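First residue of the sequence shown? That's 6 in the working numbering, and the numbers climb one at a time after it.
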Amino acid sequence: MKAGNTIRAVLTAGRPTSGAGRRAIARFAADEGGAMLIFLLFLVILVLMIGGASVDYVRFESDRARLQSMLDRATLAAADLEQTIDSETVVRDFARREGLADNITSVTVRNEFNSRTVEASASLRHNTIFLPLLGIDEMTVLSSSEAREDVLDIEVMMVLDVSGSMAGEKIENLELAALNFVDILKEDDPDDRVTIGIVPFNGQVNLGPTLAGRYLTPTTTAAGYYNVTSHPYRRNVACVDLPPSVYTGSDISHSMLLPATGYADLFTAPYRYSWSYTPPDYNRPNTNNMWCQDSTANQVLLPTGDIGDLQDAIRGLDAVGATSINAGLRWGLTFVDEDERDFFNQLRAAGHMGPEMANRPFEQNETNTMKVVVLMTDGEHFAEERLNPGYRSGESPIWRASDGRYSIYHSWRGGSNRYWWPHSGEWKSYPYPSSTTAVRQDWRQIWEEVRVQYVAWELYARASGNTNTYYNTLDAFRSQTGTATMDAQLRRICDDARDDDIVIFGVSFQAPQNGRQLIFDCSFTPSHFYDAEVDDVQDVFEAIANQIQSLRLVQ
Numbered sequence: 006m007k008a009g010n011t012i013r014a015v016l017t018a019g020r021p022t023s024g025a026g027r028r029a030i031a032r033f034a035a036d037e038g039g040a041m042l043i044f045l046l047f048l049v050i051l052v053l054m055i056g057g058a059s060v061d062y063v064r065f066e067s068d069r070a071r072l073q074s075m076l077d078r079a080t081l082a083a084a085d086l087e088q089t090i091d092s093e094t095v096v097r098d099f100a101r102r103e104g105l106a107d108n109i110t111s112v113t114v115r116n117e118f119n120s121r122t123v124e125a126s127a128s129l130r131h132n133t134i135f136l137p138l139l140g141i142d143e144m145t146v147l148s149s150s151e152a153r154e155d156v157l158d159i160e161v162m163m164v165l166d167v168s169g170s171m172a173g174e175k176i177e178n179l180e181l182a183a184l185n186f187v188d189i190l191k192e193d194d195p196d197d198r199v200t201i202g203i204v205p206f207n208g209q210v211n212l213g214p215t216l217a218g219r220y221l222t223p224t225t226t227a228a229g230y231y232n233v234t235s236h237p238y239r240r241n242v243a244c245v246d247l248p249p250s251v252y253t254g255s256d257i258s259h260s261m262l263l264p265a266t267g268y269a270d271l272f273t274a275p276y277r278y279s280w281s282y283t284p285p286d287y288n289r290p291n292t293n294n295m296w297c298q299d300s301t302a303n304q305v306l307l308p309t310g311d312i313g314d315l316q317d318a319i320r321g322l323d324a325v326g327a328t329s330i331n332a333g334l335r336w337g338l339t340f341v342d343e344d345e346r347d348f349f350n351q352l353r354a355a356g357h358m359g360p361e362m363a364n365r366p367f368e369q370n371e372t373n374t375m376k377v378v379v380l381m382t383d384g385e386h387f388a389e390e391r392l393n394p395g396y397r398s399g400e401s402p403i404w405r406a407s408d409g410r411y412s413i414y415h416s417w418r419g420g421s422n423r424y425w426w427p428h429s430g431e432w433k434s435y436p437y438p439s440s441t442t443a444v445r446q447d448w449r450q451i452w453e454e455v456r457v458q459y460v461a462w463e464l465y466a467r468a469s470g471n472t473n474t475y476y477n478t479l480d481a482f483r484s485q486t487g488t489a490t491m492d493a494q495l496r497r498i499c500d501d502a503r504d505d506d507i508v509i510f511g512v513s514f515q516a517p518q519n520g521r522q523l524i525f526d527c528s529f530t531p532s533h534f535y536d537a538e539v540d541d542v543q544d545v546f547e548a549i550a551n552q553i554q555s556l557r558l559v560q
């Protein structure tokens with residue numbers, strides 16, 4: 006056979022030999038029964054994958070919710086301004102109790118003047134069960150939380166030195182600084198969330214007649230809100246001599262007997278020390294040396310939201326007198342004391358306070374509340390002097406004639422001539438010029454007319470002929486609180502304020518070293534202390550106000 010014939014034979018052998026075979030092949034190609042089974046197999050696999058993924062997702066979401074819940078609770082607790090435990094420690098302790106201590110990745114704490122922000126993040130690796138079918142062996146849970154607590158309500162007391170050394174540029178720049186301070190804090194405060202009071206101080210603190218009451222007649226007074234006794238014959242002389250107990254933990258109680266500061270010139274020496282007569286006209290009191298001034302200037306302004314009242318009080322400040330920082334701060338702290346709330350309610354009911362003072366002062370630990378004192382001085386303590394009991398008011402042994410001359414009865418002298426007439430140097434049995442025309446004086450009348458030291462010399466020392474009588478009489482008339490005691494009193498109440506979380510900003514306005522150190526030590530922290538000069542005191546007060554204002558929560 007030839008080769009070409011062989012190939013043809015093979016090809017011929019590969020074909021179906023009948024029509025039946027061809028029909029069988031066609032039927033097989035047209036049969037669709039196997040396609041549905043394959044589709045169903047794909048559906049089953051897909052459902053299993055989706056169901057498995059759902060199980061893995063539910064487990065993932067459960068872990069995420071658990072982690073997020075823990076972080077939210079932890080940051081809220083850590084951001085609490087009343088929280089005494091370190092904020093990061095609080096967050097990590099929450100995680101530890103949930104068995105997630107190793108999952109915390111970061112904790113960030115930002116403490117500001119009147120707010121605290123805590124941010125925390127955590128991660129948790131989640132091993133999957135079904136998702137490996139899709140090549141996903143694990144998923145990572147990432148969570149973060151941030152909590153912030155801010156102070157909403159702020160009670161501010163400005164305790165400002167207005168002693169004589171503040172005269173001139175100092176008091177002028179202080180007024181500008183204080184006015185700007187008020188403007189900043191009260192800007193955008195329509196709801197009066199910030200209230201401000203002012204306690205000017207020099208050698209004393211003048212409460213004003215509303216708080217302290219006032220003299221009406223020798224036997225009657227207009228009652229105030231404190232139990233003040235021995236009112237001077239002056240409406241606006243409304244200072245009190247505080248007892249030492251108020252510097253050692255006791256409140257300034259409204260029932261406590263508080264003797265009014267005498268309107269007396271204890272400081273100025275007699276015109277001359279002479280054994281011959283010196284008329285009283287040469288020895289009138291120096292009103293600038295009175296411990297409490299007869300003036301509406303420098304009176305306490307109780308906390309208020311009224312910008313106009315604050316501005317008027319600031320513009321009325323007057324530099325005069327000595328320096329008692331301890332008394333200034335003691336009264337300043339009183340007017341942010343929660344125990345004064347009932348007293349404030351009485352003042353509101355009587356129209357002496359505005360509606361913004363409702364429920365103030367707030368509780369010391371009230372949420373979102375801060376109490377602030379701005380304490381400023383340019384000096385240091387000056388030993389405080391006060392009249393002793395028995396010489397503040399009541400009948401004296403001194404008589405006054407219509408011509409202004411005095412005579413005095415001395416019981417220590419023997420015989421019937423016990424009245425000393427200093428103008429003539431004589432002893433008589435009756436007051437000058439006669440028992441019917443001479444008028445016996447109340448001590449308050451005496452101190453209105455002549456200096457305390459003049460009385461000690463002219464009516465006592467000259468009468469006895471002994472210089473020692475002068476000093477002994479002064480000791481009987483007055484007592485003195487030394488500067489070391491005043492420094493200690495100030496330090497004590499500063500420490501008490503710090504323990505109560507009352508934030509004191511201290512401003513040393515060109516104060517001498519001892520005064521500067523006292524203010525530094527009194528400040529809430531070293532960062533709350535400021536040195537001020539005449540040309541930058543406005544910047545200092547602005548910085549303090551901005552620090553408060555910028556951190557307030559604005560709703």
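Using N, Cα and C, we set each Cβ at its ideal position, and we do this for glycine too.
Predicted model only: the values in this text are computed from it and were never measured.
Item	Value
Touch test, the stretch 290 to 305 against the stretch 228 to 248, Cβ-Cβ under 8 Å, three pairs minimum	yes
Per-residue DSSP class, three states only, for glycine 202	strand
Helix, strand or coil at glycine 511 [DSSP, three-state]	strand
Uninterrupted alpha helix (DSSP H) stretches inside the stretch 57 to 136 (no shorter than 4 residues)	92 to 102
C-alpha gap between glutamate 174 and isoleucine 507, whole angstroms	31 Å
C-beta contact flag for aspartate 505 and glutamine 369 at 7 Å	yes
Reduced DSSP secondary structure (H/G/I, E/B, other) of leucine 147	strand
Cutoff 6 Å; reference alanine 537; Cβ partners in own chain excluding five residues on either side	Val512, Phe514, Val545
7 Å Cβ cutoff met for alanine 125 and leucine 76	yes
Collapsed DSSP secondary structure at tyrosine 465 in the structure displayed	helix
Integer-rounded CB distance, given that leucine 306 should sit under 8 Å from valine 542	No, valine 542 and leucine 306 are not in contact; Cβ-Cβ is about 20 Å, not under 8 Å.
Cutoff 6 Å; reference arginine 418; Cβ partners in own chain excluding five residues on either side	none
C-alpha gap between glycine 443 and glutamate 463, whole angstroms	Strictly speaking, residue 443 in this sequence is alanine, with glycine absent from that position. The straight-line gap from Cα to Cα measures roughly 18 Å.
Of the residues Glu453, Arg69, Ser260, Gln88, the one placed nearest phenylalanine 348, counting alpha carbons only	Ser260
Opposing strand residues paired with serine 412 [DSSP bridges]	Trp404
Neighbour-count burial assignment, leucine 216, 16 or more Cβ in a 10 Å radius	buried
Coil, strand or helix - glutamate 192 by DSSP	coil
Minimum C-alpha distance to serine 532 - residue among Ile549, Val164, Gly267, Ala516	Ile549
Secondary structure of methionine 381, DSSP reduced to three states	strand
Host beta strand (DSSP E) of aspartate 158 (start-end)	158 to 166
Alpha-carbon to alpha-carbon, tyrosine 238 and tyrosine 220	6 Å
For tryptophan 448 and aspartate 158, the rounded distance between their alpha carbons	48 Å
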